[in-house]
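Residue numbers (the working numbering), protein chains in the order written: chain A, 7 to 120; chain B, 107 to 874.
All C-beta atoms in this analysis are idealised placements derived from N, C-alpha and C, irrespective of residue type, glycine included.
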């Protein structure tokens with residue numbers, strides 16, 4: 007199975023934000039696709055980027071690194087960054103690494119941002 | 107010399123004049139000469155001044171020839187006419203005659219009449235001054251076309267013309283016209299022929315004309331050059347088939363072609379003719395060219411028979427060579443990429459090169475202690491192959507030899523040697539036997555190119571063509587240089603691959619303790635299973651070493667990523683933690699130190715998870731023994747304590763992963779381990795070996811529950827086996843496990859059996 011079969015990113019506009027919907031397994035093999043998706047997205051009318059992790063079944067530390075790289079790029083562009091909850095495994099990993107403390111986690115991708 | 111003198115009008119003089127005219131006119135086929143001969147014929151018997159005017163098709167009258175007994179008069183008129191060309195629409199009798207095609211007899215011309223048709227006043231003065239008196243103007247008509255006019259003029263003092271004279275002049279004019287027309291036609295024909303020849307000569311395409319007997323009747327410059335011939339005469343004088351015998355003509359697939367198979371011969375036999383691509387080798391020089399031969403028929407219109415065949419040769423050597431080179435390189439690249447066993451690969455490349463480029467190919471590499479080693483050799487001829495092998499065995503070159511393979515290896519510069527003669531071999535040979543072998547090999551051209559890796563020359567590829575084969579030239583040198591580069595890269599990669607596997611094994615060992623120390627009062631065991639290929643250094647690490655105040659430290663960690671960067675971070679992590687521990691740094695501070703070290707690493711973003719456990723000595727209680735564990739976690743899975751009943755509990759408080767975000771929050775947790783329990787540290791490779799959905803996730807707790815009664819080392823082996831199985835036998839991630847138990851049934855520090863479960867590595871422990 008190649009990375010793009012196991013992982014997909016779809017961009018859609020939300021409330022003054024760009025929502026990247028992630029599907030599948032976010033690991034070493036698929037991390038670059040997330041970066042590519044952000045690089046290819048139009049952020050002109052967006053004040054924020056939300057990664058919708060609802061469809062992420064699995065992530066490893068490389069996957070988390072990819073999420074934080076996106077966060078860094080978005081923040082550097084003067085925009086807000088948030089995520090939604092992923093699978094229990096993803097949430098467990100975020101808790102284990104205490105990286106959840108560094109992410110704004112929304113219930114739904116269109117929720118109000120801080 | 108005219109046979110008739112003025113005034114002596116002997117009987118039959120006119121007939122004599124006409125005979126004379128015929129003879130004179132047949133002498134020349136040059137229009138200008140013919141015109142002037144015609145003019146002269148009439149002097150002096152028929153005229154004092156004779157003028158031939160030719161129409162040039164435009165409005166003016168073009169060429170003129172004048173003759174007179176007085177050369178000044180003739181020259182004066184020619185000069186005047188050149189300045190004042192006659193207007194063909196004007197009143198001048200010549201213009202009138204050319205327009206009408208009818209002769210005119212101007213028996214008596216007075217000054218008035220001369221002035222009336224003069225082209226200019228100067229012209230009128232000229233005619234009057236020279237005493238123009240009587241004139242006949244006859245049309246020069248041939249093949250129904252009036253070419254111009256013949257004018258005879260008598261000056262003052264002479265007789266005037268009569269109708270008999272008119273008739274004679276008209277007859278003369280008719281003959282002259284035919285002669286002039288013939289001369290003109292011939293001239294046109296010559297011009298056309300010259301033009302055609304010039305076109306043929308200057309064509310880039312080589313062209314020859316062959317007659318039915320096979321004799322070459324024409325060849326242009328390009329044909330001579332292409333066929334390597336000295337002159338057209340050599341070609342034209344050659345007997346049929348003789349020219350062909352100078353060449354070895356091969357089809358595209360390499361079969362020799364006979365004269366009968368050439369397009370021109372097929373044409374004469376009435377067979378359909380297709381352009382034919384041939385490989386033409388000049389036998390004398392070995393020069394090879396790729397040529398497309400086309401033949402077109404030149405048919406005799408009367409008999410409809412093919413009289414000649416025009417051969418057009420198009421030299422496509424460059425295109426064909428480039429195409430062959432591409433094909434060869436593509437094939438060579440495929441061979442080179444096919445295997446990491448470079449000796450075998452180079453053998454196949456040598457065979458390929460010996461087939462396509464030369465007769466013989468050898469590959470030498472620079473081995474240990476700068477020895478030149480033959481790794482591959484191939485010759486089309488098995489006998490010669492044996493000879494080549496013997497040559498190498500007996501006379502293997504040394505790196506310091508001045509020419510040949512050693513020179514190319516030293517300088518990295520490709521060499522092409524053409525026309526190697528006995529003299530060259532004698533200079534190169536070390537002794538008589540060497541010379542004999544070299545002579546027997548029969549090399550004519552040799553190419554030696556470096557086997558070039560990115561920064562150094564690994565060896566050399568030698569291509570040799572023998573006496574009877576094709577010549578090696580600059581184009582081949584280019585292909586060979588490319589081959590050398592491609593092969594060099596392949597050899598380098600193969601060597602690096604082998605090297606890397608070795609380094610990876612060494613490095614991996616350096617990242618892990620050779621064996622576990624004996625921890626008094628405890629049993630300790632560890633397992634490590636790198637993921638993927640041998641040459642990938644994994645990111646998991648563990649360590650066990652004495653910490654301050656008679657405590658011990660167990661640690662396990664996972665560096666994000668794989669390969670050399672991960673390996674360097676693993677080394678950094680292990681050594682930072684060891685050093686910090688040696689200096690007595692508290693666990694949380696150790697982790698912060700590592701975090702800072704990672705943050706200052708290049709490239710940025712290297713991260714790592716770590717679990718540290720400080721183990722106090724076991725203390726004896728009423729119920730048994732118990733040991734205090736202080737656990738510090740940084741992004742790492744919480745260790746498990748497996749209880750006797752088979753349940754396990756995760757212990758420790760999650761801490762921030764290292765190298766990623768600031769600040770790092772680590773909370774030390776203290777737990778108790780009793781002598782019926784087992785502490786298990788693991789990396790996420792164990793639990794994540796199976797991915798959700800695609801594989802059944804490992805139920806670590808059940809596995810541990812089943813394995814808890816086993817000896818510590820066996821328990822870890824069982825956990826690892828379960829993890830590998832759950833990943834379908836091929837885990838994507840490293841797996842590391844460390845386990846600790848209080849030594850059972852014995853008091854702490856009482857010695858007992860070796861507590862350490864050896865990892866089975868051959869080297870003795872050296873890190874105590």
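Below-7 angstroms beta-carbon distance, residue i vs any chain A residue
| i | result |
| --- | --- |
| residue 728 (chain B) | no |
| residue 767 (chain B) | yes |
| residue 760 (chain B) | yes |
| residue 798 (chain B) | With a pLDDT of only 46 at residue 798 (chain B), under 50, the local geometry of the prediction cannot be trusted, and the value read off the model is given with reservation. Yes, its Cβ sits closer than 7 angstroms to a Cβ of chain A. |
| residue 763 (chain B) | yes |
| residue 771 (chain B) | yes |
| residue 666 (chain B) | yes |
| residue 645 (chain B) | no |
| residue 741 (chain B) | yes |
| residue 862 (chain B) | Only weak support is given to the placement of residue 862 (chain B): the predicted model assigns it a pLDDT of 40, under 50, and the value that follows is read from those uncertain coordinates. So, not an interface residue. |
Cutoff 7 angstroms: residue i Cβ touching any chain B Cβ
| i | result |
| --- | --- |
| residue 36 (chain A) | no |
| residue 101 (chain A) | yes |
| residue 104 (chain A) | yes |
| residue 52 (chain A) | no |
| residue 114 (chain A) | no |
| residue 90 (chain A) | no |
| residue 111 (chain A) | no |
| residue 14 (chain A) | no |
| residue 108 (chain A) | yes |
Rounded straight-line distance, which links the Cα of residue j to that of residue i
| i | j | result |
| --- | --- | --- |
| residue 733 (chain B) | residue 850 (chain B) | 13 angstroms |
| residue 116 (chain A) | residue 630 (chain B) | 51 angstroms |
| residue 717 (chain B) | residue 745 (chain B) | 8 angstroms |
| residue 274 (chain B) | residue 189 (chain B) | 31 angstroms |
| residue 231 (chain B) | residue 136 (chain B) | 34 angstroms |
| residue 384 (chain B) | residue 442 (chain B) | 31 angstroms |
| residue 358 (chain B) | residue 378 (chain B) | 19 angstroms |
| residue 58 (chain A) | residue 770 (chain B) | 26 angstroms |
| residue 271 (chain B) | residue 157 (chain B) | 16 angstroms |
| residue 474 (chain B) | residue 434 (chain B) | 31 angstroms |
| residue 114 (chain A) | residue 105 (chain A) | 19 angstroms |
| residue 322 (chain B) | residue 560 (chain B) | 55 angstroms |
Contact under 7 angstroms by Cβ, residue i with residue j
| i | j | result |
| --- | --- | --- |
| residue 316 (chain B) | residue 415 (chain B) | yes |
| residue 88 (chain A) | residue 119 (chain A) | yes |
| residue 246 (chain B) | residue 255 (chain B) | yes |
| residue 637 (chain B) | residue 437 (chain B) | no |
| residue 192 (chain B) | residue 167 (chain B) | yes |
| residue 404 (chain B) | residue 386 (chain B) | no |
| residue 544 (chain B) | residue 557 (chain B) | no |
| residue 457 (chain B) | residue 484 (chain B) | yes |
| residue 418 (chain B) | residue 313 (chain B) | yes |
| residue 841 (chain B) | residue 829 (chain B) | yes |
| residue 244 (chain B) | residue 284 (chain B) | no |
| residue 675 (chain B) | residue 660 (chain B) | no |
| residue 328 (chain B) | residue 341 (chain B) | no |
Whole-Å CB distance - residue i paired with residue j, under 8 angstroms assumed
| i | j | result |
| --- | --- | --- |
| residue 740 (chain B) | residue 762 (chain B) | 6 angstroms |
| residue 27 (chain A) | residue 21 (chain A) | Residue 27 (chain A) to residue 21 (chain A), Cβ: 15 angstroms. No contact. |
| residue 754 (chain B) | residue 807 (chain B) | 5 angstroms |
| residue 843 (chain B) | residue 792 (chain B) | 7 angstroms |
| residue 583 (chain B) | residue 467 (chain B) | Wrong, their Cβ atoms sit about 14 angstroms apart, outside the cutoff. |
| residue 399 (chain B) | residue 373 (chain B) | Going by Cβ atoms, the distance from residue 399 (chain B) to residue 373 (chain B) rounds to 11 angstroms, so no, they are not a contact pair. |
| residue 62 (chain A) | residue 96 (chain A) | 5 angstroms |
| residue 876 (chain B) | residue 653 (chain B) | It is not possible to answer for residue 876 (chain B), since the shown part of chain B is limited to 107 through 874. |
| residue 209 (chain B) | residue 242 (chain B) | 7 angstroms |
| residue 715 (chain B) | residue 764 (chain B) | 7 angstroms |
ask   = Does the segment 577 to 595 of chain B come close enough to the segment 548 to 565 of chain B to have 3 or more Cβ pairs within less than 8 angstroms?
value = yes
message = Whether or not the segment 74 to 87 of chain A and the segment 36 to 55 of chain A are in contact is what I'm after, with contact meaning three or more pairs of Cβ atoms, one per stretch, closer than 8 angstroms; do they touch?
response = yes
ask   = Between the segment 201 to 216 of chain B and the segment 169 to 179 of chain B, are three or more C-beta pairs nearer than 8 angstroms?
value = no
task = Could you tell me whether the segment 480 to 498 of chain B touches the segment 513 to 530 of chain B, using the rule of 3 or more Cβ pairs below 8 angstroms?
result = no
Three-pair Cβ contact test at 8 angstroms for the segment 136 to 151 of chain B versus the segment 221 to 231 of chain B = no
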